[in-house]
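> Residue numbers (the working numbering): 1 to 249.
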Ligand SMILES: NC(=O)c1ccc[n+]([C@@H]2O[C@H](COP(=O)([O-])OP(=O)(O)OC[C@H]3O[C@@H](n4cnc5c(N)ncnc54)[C@H](OP(=O)(O)O)[C@@H]3O)[C@@H](O)[C@H]2O)c1
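Next comes the structure, spelled out in structure tokens:
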């Protein structure tokens with residue numbers, strides 16, 4: 001690769017939940033590599049507009065698209081709308097997620113269904129629509145380092161991420177040879193709602209690498225995966241080694 005070469009020049013990407021946090025970092029990294037980016041958001045309209053402006057400021061092309069992933073007509077139309085704006089998509093990043101608190105004691109069917117809907121069904125439906133409009137491309141699914149074990153305070157969430165993890169491998173086989181499907185399993189990156197930065201810093205000291213990660217670490221893994229021509233069905237743990245220690249919460 002020549003120095004300064006933008007490896008995704010001319011491609012188009014859809015990133016779900018792109019307006020903030022990790023999705024924002026992935027979108028910016030894709031744009032810096034030359035991809036046009038469909039910035040999907042649910043409620044973060046202002047942040048999505050700021051991100052689009054930032055990408056345009058870098059000389060890139062981006063468009064913000066609102067869709068409620070729990071609404072089947074929004075979900076079914078999302079890939080088509082992104083394609084109408086940017087042309088055929090070659091990259092799909094399934095990043096949007098919900099992270100409700102529950103335990104084996106408190107989980108009910110409704111909460112399991114809600115997590116499954118956003119964290120597993122939406123990626124499946126989007127991957128199917130994505131594969132219907134391109135013969136070649138990359139799908140990246142955001143998992144969680146605790147798919148190597150369990151998360152006893154987010155049971156519906158971790159079950160839905162297990163489904164997405166298995167789905168990653170099924171789709172990798174079903175959509176080969178044209179489309180590569182991979183996962184990224186982040187560890188401690190950003191505090192969840194209700195927790196502060198100290199919470200993440202404190203937990204980070206217990207990791208093998210004794211530090212937390214940044215959204216840019218996840219974005220770097222995403223760029224590796226979408227520029228690789230020989231990796232599929234793989235999950236990269238970007239977690240400071242957390243998955244190596246059996247974690248139950
Ligand atoms: N943060 C971490 O340290 C960490 C650790 C392990 C795994 N992960 C995984 O990495 C990914 C990104 O993490 P994150 O913490 O940046 O995610 P997040 O902030 O929890 O969620 C990302 C976005 O998902 C969107 N979303 C949720 N429900 C939606 C719906 N019904 N319709 C449309 N959009 C919806 C929201 O968009 P709007 O704001 O526009 O509504 C939200 O901003 C997630 O898949 C997460 O599970 C993160």
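Glycine included, C-beta positions come from ideal geometry on N, C-alpha and C.
Give me the Cα-Cα distance between residue 209 and residue 240, rounded to the nearest whole angstrom.
Residue numbering aside, residue 209 sits at position 209 when the chain shown is read from its first letter. Residue numbering aside, residue 240 sits at position 240 when the chain shown is read from its first letter. Computed Cα separation, rounded: 5 angstroms.
> Going by beta carbon distance, what residues of the same chain come within less than 7 angstroms of residue 116, once the five residues before and after it are set aside?
In the chain shown, residue 116 corresponds to position 116, counting from 1. These residues qualify, in order along the chain: 160 and 163.
> Quick check on residue 249: buried or exposed, where buried means 16 or more other Cβ atoms within 10 Å of its Cβ?
The count along the chain shown starts at 1 and reaches residue 249 at position 249. Its pLDDT being 49, under 50, residue 249 is placed unreliably by the model, and the measurement read from it follows with that caveat. Label assigned to residue 249: exposed.
> Is it true that the CB of residue 91 sits closer than 8 angstroms to the CB of residue 226?
In the chain shown, residue 226 corresponds to position 226, counting from 1. In the chain shown, residue 91 corresponds to position 91, counting from 1. Yes, they are a contact pair.
> Leaving out five residues on either side along the sequence, give the residues of the same chain with a beta carbon under 6 angstroms from the beta carbon of residue 136.
Residue numbering aside, residue 136 sits at position 136 when the chain shown is read from its first letter. Same-chain partners within the cutoff: 178.
> Can residue 157 and residue 119 be called in contact, C-beta distance under 8 angstroms?
Locating residue 157 in the chain shown gives position 157, where the first residue counts as 1. Locating residue 119 in the chain shown gives position 119, where the first residue counts as 1. Remark: C-beta atoms of residue 157 and residue 119 approach each other more closely than 8 angstroms.
> How would you label residue 27, buried or exposed, when you count the other beta carbons within 10 angstroms and need 16 or more for buried?
Working through the chain shown from its first residue, we reach residue 27 at position 27. Buried, since its Cβ has 16 or more Cβ neighbours within 10 Å.
> Would you list the one or two residues that DSSP bridges to residue 14?
Along the chain shown, read from residue 1 onward, the residue named residue 14 stands at position 14. Answer is 38 and 92.
> Measuring CA to CA, which of 199, 228, 143 and 175 is closest to residue 22?
Position 22 of the chain shown, counted from the start, is the residue given in the question as residue 22. For residue 22, the nearest C-alpha among the options comes from 143.
> Under the three-state reduction of DSSP, which class applies to residue 140: helix, strand or coil?
By one-based count along the chain shown, residue 140 stands at place 140. Residue 140 falls in the strand class under three-state DSSP.
> How about residue 153 and residue 95: are their beta carbons less than 8 angstroms apart?
In the chain shown, counting from the first residue as 1, residue 153 sits at position 153. In the chain shown, counting from the first residue as 1, residue 95 sits at position 95. No; because the gap between Cβ atoms is not below 8 angstroms, this pair is not in contact.
> Using a Cβ-based criterion (distance less than 7 angstroms to any ligand heavy atom), does residue 100 qualify as near ligand 1?
Within the chain shown, the letter at position 100 stands for residue 100. Relative to ligand 1, even the nearest heavy atom lies 7 angstroms or more away from the CB of residue 100.
> Hey, would you say the C-beta of residue 144 is under 7 angstroms away from at least one heavy atom of ligand 1?
Stepping through the chain shown from its first residue, residue 144 is reached at position 144. Yes; taking the cut-off as 7 angstroms, the Cβ of residue 144 has a heavy atom of ligand 1 nearer than that.
> Where residue 236 and residue 8 are concerned, what is the direct C-alpha to C-alpha distance, given to the nearest angstrom?
Within the chain shown, the letter at position 236 stands for residue 236. Within the chain shown, the letter at position 8 stands for residue 8. Distance between the alpha carbons of residue 236 and residue 8: 20 angstroms.
> With a threshold of 7 angstroms on Cβ separation, who are the neighbours of residue 232 within its own chain once the five nearest residues in sequence on each side are excluded?
The sequence position of residue 232 within the chain shown is 232, counting from 1. The residues are 172, 176, 180, 181 and 182.
> Give every residue of the same chain whose Cβ lies closer than 7 angstroms to the Cβ of residue 218, excluding the five residues on either side of it in the sequence, and list them in chain order.
Looking up residue 218 in the chain shown gives position 218. Taken in chain order, the residues that qualify are 22, 25, 26, 184, 186, 189 and 238.
> Quickly, what does DSSP pair residue 236 with across the bridge? List them, please.
Against the chain shown, residue 236 aligns to sequence position 236. Looking at the DSSP output, residue 236 bridges to 184.
> In its own chain, which residues sit with a C-beta less than 6 angstroms from the C-beta of residue 125, not counting the 5 before and 5 after it?
Against the chain shown, residue 125 aligns to sequence position 125. Once the five neighbours on either side are set aside, the close Cβ partners of residue 125 are 75.
> On the DSSP bridge assignment, give the partners of residue 63 in chain order.
Sequence index remark: in the chain shown, residue 63 carries index 63 (1-based). Paired residues: 38.
> Taking a contact to mean a Cβ-Cβ separation below 8 angstroms, would you say residue 52 touches residue 129 in this structure?
Against the chain shown, residue 52 aligns to sequence position 52. Against the chain shown, residue 129 aligns to sequence position 129. No, they are not a contact pair.
> What does a CB cutoff of less than 7 angstroms around residue 244 pick up in its chain, not counting 5 residues either side in sequence?
In the chain shown, counting from the first residue as 1, residue 244 sits at position 244. Hits under 7 angstroms: 208.
> With hydrogens ignored, establish whether the beta-carbon of residue 240 is closer than 7 angstroms to any heavy atom of ligand 1.
Start at 1 with the first residue of the chain shown, and residue 240 comes out as number 240. No.
> Hey, out of 72, 89 and 38, whose CA is closest to residue 61's CA?
Here residue 61 corresponds to residue number 61 of the chain shown, with the count starting at 1. Minimum Cα distance to residue 61 is reached at 38.
> Are residue 100 and residue 111 closer than 8 angstroms when you measure CB to CB?
Your numbering for residue 100 matches position 100 in the chain shown. Your numbering for residue 111 matches position 111 in the chain shown. Yes, these two residues count as a Cβ contact at 8 angstroms.
> In or out: residue 43 buried (at least 16 other Cβ within 10 Å) or exposed?
Position 43 of the chain shown, counted from the first residue, corresponds to residue 43. Counting of Cβ neighbours within 10 angstroms places residue 43 among the exposed residues, the total staying below 16.
> Buried or exposed: residue 242, going by 16 or more other Cβ atoms within 10 Å of its Cβ?
As a first step, residue 242 is located in the chain shown; it is residue number 242 there, counting from the start. Its Cβ being crowded by 16 or more others within 10 Å, residue 242 is buried.
> Is residue 202 buried or exposed, if buried means 16 or more other CB atoms sit within 10 Å of its CB?
Along the chain shown, read from residue 1 onward, the residue named residue 202 stands at position 202. That one is exposed.
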